[in-house]
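Read top to bottom, the protein sequences are chains E and X.
Position 34, counted from 1, in the first sequence is what my numbering calls 34; the numbers after and before it change by one each time, with no gaps.
Position 83, counted from 1, in the second sequence is what my numbering calls 166; the numbers after and before it change by one each time, with no gaps.
Heads up: the structure comes next, in structure tokens.
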Amino acid sequence: MNYNLDITNDRCPLTFIKTAYQLSKMNDGDILELLISEGEPLTSVSKEVEEYGHKIISVVHVSGSTYKITIQKSSDEKLSEIS
Amino acid sequence: MKKQTLSDKELLRYSRNIVLKEIGIDGQLKLMNSSVLVIGAGGLGSPACLYLAAAGTGTIGIADFDIVDLSNLQRQIIHFTKDTGTSKVISAKEKINQLNPGIDVRTYNLKLDYLNIREIVRNYDFIIDATDGIDQKLLINDACLLENKPFCHCGILGFAGQIMTVIPHKTTCLRCIITENPDASDMPSCSSYGILGSVAGIAGSIQATEAIKFITESGTLMTDGLLTFDLKDMQFRKIPINRNPECRICGEHSEIKELSNITTELCDFKNNGGNK
């Protein structure tokens, strides 16, 4: 299934927490399209999502300061620590 | 009803908890579905209640029979000057709900004794002993052992204190250490000893931390020994103490099967000024 989440108005650490929470509610292989602001949110959330074992399929510039990260959920032992 | 999801506001409020790997969303939900009873709304109970409320503990029970006195305000930081003359549990409930309106606060405006303590304790997941008399501490120990409820013991005086968490019948309890009921005449008079407010603040905060760790199943609890500290010289020690096979309540031949009034009337801490 595909899911969408807009965290362009959120700041660290809520950006990561909302993303991790959404991923925790999804099944393995599901896709999350994440709208996120450039700069620190884009950099840190991308890094953390990969650290938790998920796959970043693409990062696309949408408009202005907004980017879209497409993430494929993958179960990982480390993820259970936060979710 | 058991809470299973978090709203955006809750994610934001508790974000600094959730981002801790030891807690996470799962631990936060455990906290929000948990209940902690704080016995004593004084120097220890004040920070304990406030940190438990801030952390999102779902239900906080507060037991105290006293009213707020001007002399309490030096250390009992949940009470304000405007609260003097007010019931401590009412004052504490008001502050907790101002800090975090989502907390279910239950108040017990009474002195816990051998007749009423067990039925109150059994409704909670974890108990914090924030009282100031050895008689009350032994009563809480015995009630928690009989009800199989984990609790955190603490005693403070001056700049010093001691803390121990007890998992009933698994770790050292207070009666493993205090083998006989102390004579009231041997006990220091609370009114003759001072207590620095910040010392109570540290101790009560550690007790809240123990409760949160127990509920979220994180870290290592301060069990099977005493954490002792003397902040005058900034000394902290962990003293290992094994369970006592001769313990009167958790030993091999335990003799305390029911509560009685022998543990409750050694000294009347209401009349000696209190040092909570």
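Positions of the beta carbon are idealized from the N, C-alpha and C atoms, including for glycine.
Quick one: is residue i near chain E, going by C-beta distance under 8 Å?
i                      : result
residue 108 of chain X : yes
residue 89 of chain X  : yes
Evaluate residue i with the Cβ neighbour count: other Cβ atoms within 10 Å of its Cβ, from every protein chain shown; 16 or more gives buried, anything less gives exposed.
i                      : result
residue 322 of chain X : exposed
residue 50 of chain E  : exposed
residue 130 of chain X : buried
residue 276 of chain X : exposed
residue 155 of chain X : buried
residue 204 of chain X : buried
residue 258 of chain X : buried
residue 220 of chain X : buried
residue 269 of chain X : exposed
residue 265 of chain X : exposed
residue 255 of chain X : buried
residue 75 of chain E  : exposed
residue 294 of chain X : buried
residue 164 of chain X : exposed
residue 90 of chain X  : exposed
residue 176 of chain X : buried
residue 245 of chain X : buried
residue 247 of chain X : buried
residue 212 of chain X : buried
In chain order, what residues of the same chain have a beta carbon less than 8 Å from the beta carbon of residue i, not counting five sequence neighbours either side?
i                      : result
residue 319 of chain X : 310, 311, 312
residue 102 of chain X : none
residue 63 of chain E  : none
residue 252 of chain X : 228, 231, 333
residue 300 of chain X : 110, 113
residue 243 of chain X : 282, 311, 312, 313, 314, 315
residue 87 of chain X  : 112
residue 28 of chain E  : 73, 74, 75
residue 172 of chain X : 124, 145, 146, 147, 190, 191, 192
Beta-carbon of residue i versus every beta-carbon of chain X: anything under 8 Å?
i                     : result
residue 21 of chain E : yes
residue 31 of chain E : no
residue 71 of chain E : no
residue 36 of chain E : no
residue 14 of chain E : yes
residue 27 of chain E : no
In chain X, which residues lie less than 8 Å from residue i when you measure between Cβ atoms?
i                     : result
residue 24 of chain E : 108
Ignore the nearest five residues each way along the sequence and tell me which others in residue i's own chain have a CB closer than 7 Å to its CB.
i                      : result
residue 347 of chain X : Confidence is the limiting factor: at residue 347 of chain X the pLDDT is only 47, short of 50, which leaves the residue's position unreliable and the question unanswerable from this model.
residue 283 of chain X : 126, 127, 158, 239
residue 338 of chain X : 331
residue 152 of chain X : 167
residue 68 of chain X  : Residue 68 of chain X lies beyond the stretch modelled for chain X, which goes from 84 to 359, so this question has no answer here.
residue 4 of chain E   : 33
residue 104 of chain X : none
residue 58 of chain E  : 70
residue 13 of chain E  : none
residue 10 of chain E  : 18
residue 108 of chain X : 89, 101
Interface residues of chain X around residue i at Cβ under 7 Å?
i                     : result
residue 17 of chain E : 94, 98, 101, 102
Cβ of residue i versus every heavy atom of the ligand ZN: is any distance shorter than 7 Å?
i                      : result
residue 215 of chain X : With respect to the ligand ZN, the structure shown offers nothing to examine, as it has no ligands at all.
Below 6 Å CB to CB, which residues in the same chain sit around residue i once its five sequence neighbours on both sides are set aside?
i                      : result
residue 335 of chain X : 328
residue 15 of chain E  : 7, 41, 45
residue 139 of chain X : 97, 114, 115
residue 37 of chain E  : 8, 65
residue 194 of chain X : 148
Item to check | Complete runs of the alpha helix (DSSP H) confined to the segment 105-178 of chain X [at least 4 residues] | outcome: If we require 4 residues or more, the alpha helix (DSSP H) runs fully inside the segment 105-178 of chain X come out as 107-115, 128-138.
Item to check | Complete alpha helix (DSSP H) runs within the segment 195-251 of chain X (minimum length 4 residues, chain order) | outcome: Fully enclosed alpha helix (DSSP H) runs of 4 or longer: 200-204, 217-230.
Checklist entry - Which whole runs of the beta strand (DSSP E) in the segment 275-332 of chain X are 3 residues long or more, in chain order? => result Qualifying beta strand (DSSP E) stretches, in chain order: 308-313, 318-323.
Next on the checklist: As an exercise, report each continuous beta strand (DSSP E) stretch of at least 3 residues that is fully enclosed by the segment 40-68 of chain E, in chain order.
Outcome noted: Qualifying beta strand (DSSP E) stretches, in chain order: 55-63.
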